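Undergrad:
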Amino acid sequence: MKTVRLVAYYGGLCICSALLLFPMVYALLMSFMDKADIFAGRLWPERWEWTNYQAAFEQAPLGSYLLNSLFVASVITIGRLIVSSLAAFAFVFLRFPGRDAWFYICIATMLVPWEATVIPNFLTVQQLGWTNHYFGLTIPFWAMAFGIFLLRQQFRQIPYELYEAARLSGIGNFRFFCRIALPLSKTGLVTLAVYSFLDAWNMYLWPLLVTSDDRVRTVQIGLKQLQTQEMANSWGVVMAAAVVAMLPTLVLLFVGQKQLRKGLMQGAIQ
Amino acid sequence: MNDRVSSPMPSAWPVPTQPMVRRTAMKAWMEGMVYLLPSLLLFGVFLFYPLARTLYLSMFSTNYQGAPIRFVGWAHFAALFQDESFWHSVKTTFFFAALTVPTTVVIAFCLALLVHEKRKGIGIFRTLFASTMGMSVAVASIIWMFMYNPAIGIMNRLLSALGFPAVSWLLDPDTALYAVAVATVWMNIGFTFLLLLAGLQNIDPSLYESARIAGLSYWRQLWTVSVPLLSPTLFFVTTVSLIQALQTFGQIDFLTKGGPVDATNVFVYAIYREAFVNYQFGFASAQAIVLFVIIAAITFLQFRFAERKVHYQ
Amino acid sequence: SSVDSKGETANRKTEVVFWHSMSGDLQPVLEEIVNDFNQTHSDIEVKPVFQGTYEEALTKWNAVAGTKEAPTIMQTFEVGTKHMIDSGQIVPVQTWIDKDQYDVSQWEKNIVRYYTVNGRIYSMPFNSSTPVLIYNKDAFRKAGLDPEKPPLTYSELKEAAKKLTKKSGKETKQYGFSMLNYGWFFEEMIAVQGGLYVNHDNGRSADATEAVFHGQEGRRVFELIRDMYRDGTFYNAGQNWDDMRAAFQAGKIAMYLDSSAGLKSLIDNSPFSVGVSYLPVPDGIERQGVVIGGASLWMMKGSSEKEQKAAWEFMKYVTSPSVQAKWHVRTGYFAINPAAYDEPLVKEEWKKYPQLKVAVDQLHETKPTAATQGALITVFPESRQHVVKAMEQLYEGVDPQEALDQAAKETNRVLQKTN
Amino acid sequence: MAFLELIDVTKSYDGKKQVVENVSVAIESGEFFVLVGPSGCGKSTLLRLIAGLESLTSGYILIDGQVANDWPPHARRLSLVFQNYALYPHLTVEQNMRIVLQAQKVPKEEQRHRCLEAAEMLGLTDVLGRKPRELSGGQRQRVALGRAIVARTPLCLMDEPLSNLDAKLRATMRVELRRLQRQLGMTVIYVTHDQTEAMTMADRVMILRAGHPQQVGAPLDIYNHPANTFVASFVGTPPMNLAEAHVLEHSLLLQNERPVRLMRRPLPKTERVTIGLRPEHIHRVALGDGHVTASIVHVERLGSETLVTFELTKQIHWTARWSGQANVAVGEVASFSFDEHALHFFDGHSKRIGPPTRIEEEAFER
Amino acid sequence: MAFLELIDVTKSYDGKKQVVENVSVAIESGEFFVLVGPSGCGKSTLLRLIAGLESLTSGYILIDGQVANDWPPHARRLSLVFQNYALYPHLTVEQNMRIVLQAQKVPKEEQRHRCLEAAEMLGLTDVLGRKPRELSGGQRQRVALGRAIVARTPLCLMDEPLSNLDAKLRATMRVELRRLQRQLGMTVIYVTHDQTEAMTMADRVMILRAGHPQQVGAPLDIYNHPANTFVASFVGTPPMNLAEAHVLEHSLLLQNERPVRLMRRPLPKTERVTIGLRPEHIHRVALGDGHVTASIVHVERLGSETLVTFELTKQIHWTARWSGQANVAVGEVASFSFDEHALHFFDGHSKRIGPPTRIEEEAFER
Ligand SMILES: Nc1ncnc2c1ncn2[C@@H]1O[C@H](COP(=O)(O)OP(=O)(O)OP(=O)(O)O)[C@@H](O)[C@H]1O
Ligand SMILES: Nc1ncnc2c1ncn2[C@@H]1O[C@H](COP(=O)(O)OP(=O)(O)OP(=O)(O)O)[C@@H](O)[C@H]1O
Ligand SMILES: [Mg+2]
Ligand SMILES: [Mg+2]
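Residue numbers (the working numbering), protein chains in the order written: chain A, 38 to 307; chain B, 5 to 317; chain C, 259 to 677; chain D, 30 to 395; chain E, 30 to 395.
#1: Apart from the five residues on each side of it in sequence, which residues of its chain come closer than 6 Å, Cβ to Cβ, to Phe335(C)?
#2: Using the beta carbon as the reference atom, which residues fall closer than 5 Å to any heavy atom of ligand 2, ordered along the chain?
#3: Report the CB separation of Val179(D) from Arg143(D) in whole angstroms; it is logged as a contact under 8 Å.
#4: Pull up the CB-CB distance for Thr229(D) and Arg203(D), whole angstroms please, since I reckon it's below 8 Å.
#5: By DSSP, does Asp376(E) sit in helix, in strand, or in coil?
#6: State the DSSP-derived secondary structure class of Arg123(B), mapped to helix, strand or coil.
#7: At a CB distance below 8 Å, what residues from the segment 152-170 of chain B approach chain C? Give them in sequence order.
#8: Do we get a CB-CB distance below 8 Å when we pair Ser68(E) with the residues of chain D?
#9: Chain A beta carbons: is any one of them nearer than 8 Å to that of Met137(B)?
#10: Looking only at its chain, what residues have a beta carbon closer than 8 Å to the beta carbon of Thr322(D), apart from the 5 residues adjacent to it on each side?
#11: So what does DSSP say about Phe159(A), is it helix, strand or coil?
#12: DSSP three-state call for Asp137(A): helix, strand or coil?
#13: Using a threshold of 7 Å, is the CB atom of Gly16(D) nearer than that to any non-hydrogen atom of ligand 1?
#14: Identify every residue that forms a DSSP beta bridge with Asp188(D).
#15: Looking only at its own chain, which residues have a Cβ that is under 8 Å from the Cβ of Asp663(C), when we skip the five neighbours before and after it?
#16: Rounding to the nearest angstrom, what Cα-Cα distance links Gln307(A) and Tyr197(A) in this structure?
#17: Ordered along the chain, which non-local residues of its own chain (more than five positions away) have a Cβ less than 6 Å from that of Phe111(E)?
#18: What residue does the beta strand (DSSP E) around Val253(A) start on, and which one ends it?
#19: Give the DSSP-derived three-state secondary structure of Glu226(A) in the structure shown.
#20: Please list the partners that Gly262(B) has in chain A, where partner means a Cβ-to-Cβ separation under 8 Å.
#21: Can you tell which of Ala142(B), Phe287(B), Leu238(B), Trp227(B) has its C-alpha closest to the C-alpha of Phe307(B)?
#22: Would you give the residue range spanned by the alpha helix (DSSP H) that Glu329(D) belongs to?
#23: Going by other Cβ atoms of all chains shown within 10 Å of its Cβ, with 16 needed for buried, is Met292(D) buried or exposed?
#24: Our contact map puts Leu422(C) next to Ala569(C) with C-beta atoms below 8 Å; I'd like the distance itself, whole angstroms only.
#25: Could you tell me whether any non-hydrogen atom of ligand 3 is closer than 7 Å to the CB of Asp99(E)?
#26: Given the structure, does Asp195(E) come close to ligand 3, in the sense that its CB is under 7 Å from one of the ligand's heavy atoms?
#27: Span of the alpha helix (DSSP H) holding His622(C)?
#28: Using 8 Å as the threshold, is the C-beta distance between Arg233(E) and Glu60(E) below it?
#29: Determine the direct distance from the alpha carbon of Val227(A) to that of Trp33(B), and round the result to whole angstroms.
#30: Please list, in chain order, the chain C residues whose beta carbon lies closer than 7 Å to that of Phe280(B).
#31: Scan the segment 292-368 of chain C and note each continuous beta strand (DSSP E) run of 3 residues or more that stays entirely inside, going in chain order.
#32: How far does the beta strand (DSSP E) with Tyr514(C) in it extend, from its first residue to its last?
#33: For Thr216(D) and Leu184(D), which I take to be in contact (beta-carbon distance under 8 Å), what is that distance rounded to the nearest angstrom?
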């Protein structure tokens, strides 16, 4: 009875995982198929081919795109951590007039549909001369309402007495921020980092708009570059690129998932 | 009390005066602002300014470069409210949200319940269940597009293997929105799952133990312990998912382009098409403003009414 | 800024930034041509930059046109022609043709005609294609049809489709015919009958003010689709090119309309022999030919004289027979310079793929009328959306004329809004 | 037949360290049994084993004479009052109590009735409609108790139920808890690390140390006859004074340094012992008289009594406890006499020497 | 000149309810001053006002004779030991102490020196490299103290520093804290709600109730001469027995019900008073003798002493406290005699009647 239930339980888990993972595995399998296999609608490649990957890397500079994505996503992540943690710190530890009002203003920015702001933002970035530059790819994303919200919750976990103790001993706000608040909020910071990284990694429209130089472009553009409209697509190649584009994020997720969950547990919600 | 209270109060002592209080308040304000400055500056430049500009543009007709050329006041809005396709897209958007949000939350919640308890090897399943959040909209859409392919996609292959007639998933106005919804639910499950799992793990285990001793059945525990105590998380998750659902764009662009017969022409996609394909920036701006107001109103209402039912510890 | 490389090579080489939307298999070919050009022109450096789809590229161009961010050469799809002209940010290619006294007669007339407005050539045709009927020869054979005699009229098409449609139980294993829900095919199907899309000679003699595609020519097309769909011989392939091709290659459809550009890889990747034929016409209507589709290259006003000259050099290079031969063979797009078809490379290719020649023939046989010159309106993309919607409505059982009228009405509305 | 019987109960979480080891005890129906010991000694673990929240590593748990090792928690018909009360924060006081009854499918009318009764008993009638966060600590504690009462389970386990309350409230609740237990005839197993609670509430006490039971018995028995030095110093505040001593003919030599002359020959034959003396058995006598003369190093005046610490040797500070407000000052030298009959002796393994501790099972006053 | 002086200090968080009202007191250098009172009475608030963590609503705080109302916390040169210690959990013990000095820009060498010194003093030398979570409660407590010590601030505020420790450790730390304070000559303001701490540690105690000071004085003075019934029942465990009484010629009538015959004429002239008597002033006498005869309703045997509760009237239960293990049982009827000289009288406003409480400022033993 007990073993039956256990088998059923793990069986259920496996089925759920299989259903959820299927699209990814499907993409992975397709990336190893040749055209004939794909058009025959096969599930399993008849012959495993690396040629799609080869083709993908030949047609688009996926290598440097990957590096750019890595760099851009990292810089956005770091920027977000800094900007959000500063704001969250003020919202939690500093008392000043209008604090809560500012907080709600920040939170309200979550409601702005991003597509509505693309063109004015593009013009702004252009005026700043940040097109084709990492500045334009990263800086506009540094402030993030969700990040502020998350870190605010995280900072609220820190006993306020720690802050008071610091004030009594003459430890300044900034020192407290660097030496105490940040180290104590590692989970929150990691959570935000993982979330931001995934978010930044997946940007497409914005990098396409603000860059016209392969040297700063990101991998999602590469993905688009491998698709055509009027001509027949090489699906295997596209899938290979898709796999290349999703692999780093999946790896990051697998590594950071536990931290992420912990962080979300401590903050984010209550 | 009868201790030495008696020392006379020298009149020369500084009495805390209003200006002084104000000065300390001012200093505190300045310091707070220094910390907020980066955020506010960036929000100002990249969110509020464009929003204001959108509002401004919504009252103009524009040329193809998006520059305002003629002030039309509220004319765009008036036209909008008479535009059938606008109402259609509003309806579609809400229907889409109604399709995806509850489904995502329910499925993610079930998954979270499945792996909530610590057991051997459970960590792997937790990771697997969360993995869809690592997928970009672009990648996910490409994969689903292929799966939905009526001729060679796996969906129809499966159907025909099971002896069902083929379905033209994304091509039939009756099924397209559902098909996109399925893909969307899949994409969103990961993050929602993770949030809910975190919320579940935050519940004091002694409450479950107490329930076990009292002999509450699994379902009763679910309804009397898990759900109410998870309600803050559930509330947060639904709010965020709803906002996200109302702003759906990427998967529509990839999978259906708003078709067939506008069956998937959700709001943001309609705006996008208006602005970037048809170059009707003024009109598109008006729509964007309406969207912003709708989202803000819904969020407000949700906080106002739904949050009351939420139990915070 | 560090990655902005305009200045760096300015003193030695003239840099020509070239925005394009050639993705997938097209990109390597384009880059090869550009490379060859750069090798042979030591004083010019053409830099090809992918800018996403035509729409995305145009969106961005709209925002930067007239600034130093703008490219020198910009590739835009055919329906963007009027938009580009009206923008005032471009230099007609004619200017350089005149300056250089270049002989344009060597260019394919039927292609150049599309981009000629008020007697001036505005942009240089680059990747041009037309629709053709593609069919599965094996299926023809199996259905008892002659694979060398594809249907040329609507009734022949219907007939053949009926024979080609194979059902097993309720499910249809193979459909007779299909056509993408895409405005371009509809436009072509009208043009081949000599019908106009908009008034004022398709907007060529004056700015179009009204849509006329809902006349009898349009109705015939819609009725054809409606009838065949009703018969169960028509397959709804949606808006996605690849879905349709996949269906054809998987044997799901026996005949369909496709761009001539995709031919070669289609032939290569189909597990059966592929036939290519002209667009069918309604019975008793004289075939007028096809409108050119694809995209052309535009020269920017904001660029310096030197850059423009360099861009012109590049354009000339691209149109040379040998380059065009390569372009045609590698991509399936037409050669703008018909001399290319005499190159041995093409000759050889045609021997291998006789189907390629069919598209070229269809183009050559096209009669130069306003109908085949193609419509010229700014709101083309939006109008196409309405046509697509009308096509989709057909499958919902909406009356063809009603659907067309609706699309025309919507098109008129946007036409008026912009005038 | 005992109501609850533990036989060689052993628990290890990690398969290595045994958190509870070979605990055997029989608990009678209606008994108030207290488990006491320092933090981390395994008290909570033992309770959770009885409740069925953890599984045994080895041994048996018998309920009503039946082996209950594999029974699920609710089949054991017991209730558990958690240290943090484990109240459902989203339910009112009444709902918190009712939920137990709902699970047992008690009819609605009966539910209401039992809740009102329990609320009456606990003085919660006015707050039945409130949520836990609107209650004071004492009230929450009583709600937790209320849940146990309405369930009418014969056995109630309590894990440090008073430790979150302040000293005053704790004193009141001690009495109240005990009164209720008697009134309802419940069997209670009560965990605490506060020995005052153990002393005043228990019918019997078990003292645990690192998973091992040290002594089981009535509180006063344990106080008077501690089985070893651990128990001796754990029970009683201030703790029993201890010192290593050589037993000589008519005297003791503390730490090879300080001789203490005795009136009668001390009990043990062993030469090296640890002696123990409770603070209340040390009195002040005229200077020069008594057993020892020493200088006073610390005085605590509590009003009702005075704790005087004096230095026997550099290492050995003993404390005496005198009623009232003694007139002594730090630094003063005074003479102290010991109640010789109250001396405790422990051997080299800290085991009590002398007549074996009788475990008289006193009749429980009910 | 007092080291720290509060003059009419008043605080209201919401502008309506005054959490601290008109508190005036002068604290001398080197004094160990204890603030005691029930939960929520404003003790912490007062401490935070002194520390500068909250701003005054009205009144003055003088440090060294200077008005410090607007001084930022760190300018007041004091340290605060929090109830939960407020140790930085990610820093080692040493870093926890050093961070204070780093903020004050003390040279590295000196930092190290002071830390070692403080660690030595507190017995923390071995754990300097550990993180707070690897420490026991008592060690954490000492680290918190260490932070105050290395800062060398003349004034140290402590907010219930011992309340998270268990009873045993609390007793030890009481002594240790006081010893250190003397050794370093610190001025300490110490908040607690535990009256044992107040009694044993304080040079002077202030008893607060709902923001109002009730009495200030040496602990024993307060024990012996409580200014009102609140203080009387707050100080001492078990608390002073109280009862409303009519004062008659040679007797008292408790609650119009129970006459108590007295040997000598009671002090007050008022007719209606509240009388008070501490448990240790009630003794058992032969049945029929003594002041009252009553039945025993509850007995708590703590080993060293026995608390006996008897019923004077239905409402009035008094408790007596006897040394040793008295042989009494619940339900027994016994006679009790009162120490008449120890009777306290309070008027209708609960104010003490009798000789005004002398506030002798005892010389501090240092
Ligand atoms: N779930 C667990 N997994 C592993 N070890 C545990 C677990 N629960 C408790 N322990 C360990 O078992 C030992 C006994 O723990 P237990 O909680 O029973 O002590 P306790 O006597 O209740 O202490 P306290 O008075 O502090 O509550 C401790 O060393 C503890 O670390
Ligand atoms: N920040 C605050 N805002 C509003 N009211 C407060 C605040 N802090 C404390 N209070 C209120 O002031 C009163 C006194 O609180 P305080 O913390 O000083 O009490 P306390 O004597 O320290 O109690 P305890 O012994 O429980 O620590 C309480 O009624 C409390 O609710
Ligand atoms: Mg425990
Ligand atoms: Mg407090």
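Don't be surprised by glycine CBs; every beta carbon is placed ideally from N, CA and C.
All values derive from a computational prediction rather than experimental measurement.
TA: Let me lay it out:
#1: Tyr312, Ala553
#2: Tyr42(E), Val48(E), Ser68(E), Gly69(E), Cys70(E), Gly71(E), Lys72(E), Ser73(E), Thr74(E), His222(E)
#3: 5 Å
#4: 6 Å
#5: coil
#6: coil
#7: Asn153, Pro154, Ala155, Ile156, Ser164, Pro169, Ala170
#8: yes
#9: yes
#10: Leu316, Val362, Ala363, Ser364, Phe365
#11: helix
#12: helix
#13: Coverage of chain D is limited to positions 30 through 395, which leaves residue 16(D) absent and any answer about it impossible.
#14: Val220(D)
#15: His472
#16: Here the model assigns Gln307(A) a pLDDT of 42, short of 50, so the residue's position is not dependable, and the following value carries that caveat. Taking the straight line joining both Cα atoms gives about 17 Å.
#17: Asp188
#18: That residue, Val253(A), is in no beta strand (DSSP E); it is neither H nor E in DSSP.
#19: Here the sequence assigns Leu to residue 226(A), which means Glu is not the residue at that position. Helix.
#20: Those within 8 Å of Gly262(B) in chain A number zero; the least Cβ separation is about 14 Å.
#21: Leu238(B)
#22: Premise fails: Glu329(D) lies in the beta strand (DSSP E), 321-330, not in any alpha helix (DSSP H).
#23: exposed
#24: Leu422(C) to Ala569(C), Cβ: 48 Å. No contact.
#25: no
#26: no
#27: 612-622
#28: yes
#29: 30 Å
#30: Glu313, Thr317
#31: 302-308, 331-335
#32: 511-517
#33: 5 Å
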